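Contents: one structure, followed by commentary.
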Amino acid sequence: MKAFVLKEPGAVGWYDAPEPELKQPYGAILRPVAVTPCSSDVHTVFGGGSRKAPNLILGHECVAQVQEVGDEVRDFAPGEIVAVPAITPDWRARAIQEGNDRHASAPFSGHQLGRTQPGVFAEKFLIPDADTTLAKIPDGVTLEQALMCVDVVTTGFTGAEYGEIRMGDTVVVMGIGPIGLMAIEGARHLGAARIIAVGSRPVCVELARKFGATDVISYKDGDVVSRVLDMTKGVGCDSVIICGGGDEVFTQAVDMVRYGTGTISNVNYYGGTGTLGFPKFSGGRGMAGKTIHTELAKGGRARIERLLAMVKYGRIDPAPLVTHRLYGLDQVEKALYMMRDKPDDLIKVMVQMDWKE
Ligand SMILES: [Zn+2]
Numbered sequence: 046m047k048a049f050v051l052k053e054p055g056a057v058g059w060y061d062a063p064e065p066e067l068k069q070p071y072g073a074i075l076r077p078v079a080v081t082p083c084s085s086d087v088h089t090v091f092g093g094g095s096r097k098a099p100n101l102i103l104g105h106e107c108v109a110q111v112q113e114v115g116d117e118v119r120d121f122a123p124g125e126i127v128a129v130p131a132i133t134p135d136w137r138a139r140a141i142q143e144g145n146d147r148h149a150s151a152p153f154s155g156h157q158l159g160r161t162q163p164g165v166f167a168e169k170f171l172i173p174d175a176d177t178t179l180a181k182i183p184d185g186v187t188l189e190q191a192l193m194c195v196d197v198v199t200t201g202f203t204g205a206e207y208g209e210i211r212m213g214d215t216v217v218v219m220g221i222g223p224i225g226l227m228a229i230e231g232a233r234h235l236g237a238a239r240i241i242a243v244g245s246r247p248v249c250v251e252l253a254r255k256f257g258a259t260d261v262i263s264y265k266d267g268d269v270v271s272r273v274l275d276m277t278k279g280v281g282c283d284s285v286i287i288c289g290g291g292d293e294v295f296t297q298a299v300d301m302v303r304y305g306t307g308t309i310s311n312v313n314y315y316g317g318t319g320t321l322g323f324p325k326f327s328g329g330r331g332m333a334g335k336t337i338h339t340e341l342a343k344g345g346r347a348r349i350e351r352l353l354a355m356v357k358y359g360r361i362d363p364a365p366l367v368t369h370r371l372y373g374l375d376q377v378e379k380a381l382y383m384m385r386d387k388p389d390d391l392i393k394v395m396v397q398m399d400w401k402e
């Protein structure tokens, strides 16, 4: 079957891959209906990272049609269109019982699709455990909305949740790409009073305000830390959600979050090797009472079905994140380069398939 793969670090292309076979009684074979490349696909291809299998099929954001299910699958049947979570933990791993789903059997074991398991940029793909992984799409939820829930919404909301936001908090969201925009939406739902978004691309600034940012500041207008401290009378903000930026944003977050109860929630990817800087002074020489969380997005069926319920009942609408649409599996390549090169008006590009029955 036709598949879009990582040939070797930095090089992608098309490959005639073997079709997935249904060997697991709990598994399902699916056919993509719509996919979207993500910055983490860009990191996987162009950013180095861990060693990948040769001709690894890329992609982990997908709405798909069930083609075939194993004998033990209870809740899904061929023909059904479902949301496929980007993060697909192995819910049978021992560490699940200790509350550890995303790193249960190894670091990042929850991130399998397009990483340790063939991804969704292909004619077909396998999900080893359908009932715990696939998410039912409620009536009234559009393809765009469902596609945004599988990674972008859950990642942004994970950032907001680990920010330990209380009603009335002042929250800074660093980076206003798709994840940051959903972190803003999440912070608003958790009761943040003031949401200060840090970013500058006009298309993102406009949506940041729409999703709930009360203030938008830009790196281009000077030091972000001193501006946040000015805006909070020197106290600092209650929570910083890091959704984008280079190594310096981590240090800035420690600088700008308040002593005693401040929380930093990082869902940002730091490429390369080395260390991130923890500032000794604003870090209270190790005794500032500032909490730091470093999190991979929550995944699995229940999580994504909860987010889809928020869409169904009008609490969130992530559809405006889809600024570009392409048609046909062939266009996945173009879409990946669009995510890398970020034309001015791009937030997310959806590739809708054109399968014939
Ligand atoms: Zn993604």
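The sequence shown begins at 46 in my numbering and counts up by one. Here a beta-carbon is modelled for each residue, glycine too, at the ideal position from N, C-alpha and C. All figures in this text were calculated on a predicted structure; none of them were measured in a lab.
A check of alpha carbon separations from Asp399 across Gln376, Ala73 and His369 identifies Gln376 as the nearest. Rounded to whole angstroms, the Cβ separation of Ala175 and Val118 is 5 Å, and the two are in contact under 8 Å. A residue is listed when its beta-carbon falls short of 6 Å from at least one non-hydrogen atom of ligand 1; in chain order these are Cys83, Ser85, His105, Glu106, Ala131 and Asp196.
Cβ neighbours of Ala205 within its own chain (closer than 7 Å, five residues either side excluded): Ala228, Gly231, Ala232, Leu235 and Ile286. Below 8 Å, too few C-beta pairs join the region 187-206 and the region 160-168 to call them touching: fewer than three.
Scanning Phe326, Ala347 and Arg370 for the CA closest to the CA of Ile182 turns up Ala347.
Residues Ala79 and Tyr372 of the same chain have their beta carbon placed closer than 6 Å to that of Gln397, with the five preceding and five following residues left out of the count. Assignment of Met193 by DSSP, reduced to helix, strand and coil, places it in the helix class. Under the criterion of beta carbons closer than 8 Å, Asp196 and Glu106 qualify as touching, at roughly 5 Å. Rounded to the nearest angstrom, the gap between the Cα atoms of Ser150 and Lys393 is 31 Å. Residue pairing by DSSP places Cys282 opposite Val302 in a beta bridge.
The residues Arg76, Val78 and Ile126, in chain order, have a CB closer than 6 Å to that of Gln110 in the same chain once the five nearest residues on each side in sequence are set aside.
For Lys47, the pairing in a beta bridge is given by DSSP as Asp61. Inter-segment contact for the region 237-245 and the region 320-331 is absent: fewer than three beta-carbon pairs are separated by less than 8 Å. Bounds of the beta strand (DSSP E) holding Arg370 are Val367 to Tyr372. Rounded to the nearest whole angstrom, the CA to CA distance from Gly279 to Tyr315 is 28 Å.
Here Pro163 carries a coil assignment [DSSP, helix/strand/coil].
Annotation: Gly290 to Leu321 spans about 12 Å, alpha carbon to alpha carbon. If you ignore the 5 residues before and after Thr306, its C-beta comes within less than 6 Å of no other C-beta in its own chain. Nearest in C-alpha terms to Gly185, of all of Ala380, Ala364 and Lys387, is Ala364. The three-state reading of DSSP puts Ile229 in helix, counting H, G and I together. The continuous beta strand (DSSP E) containing Arg239 extends over residues Arg239 to Val243. Going by C-alpha positions, Asp389 is about 18 Å away from Arg254. In the assembly as shown, Ser284 is a buried residue. Its beta-carbon has 16 or more other beta-carbons within 10 Å.
Excluding residues up to 5 positions away in sequence, Val111 and Val114 lie with their Cβ nearer than 8 Å to the Cβ of Ala122 in the same chain.
Assignment of beta-bridge partners to Met219 by DSSP yields Val243 and Ile287. The C-alpha of Ile224 is placed about 5 Å away from the C-alpha of Gly201. Going by DSSP, Met395 is part of the beta strand (DSSP E) stretching over Lys393 to Gln397. Shown here, Thr187 sits in coil according to DSSP, grouped into three states, outside any helix or strand.
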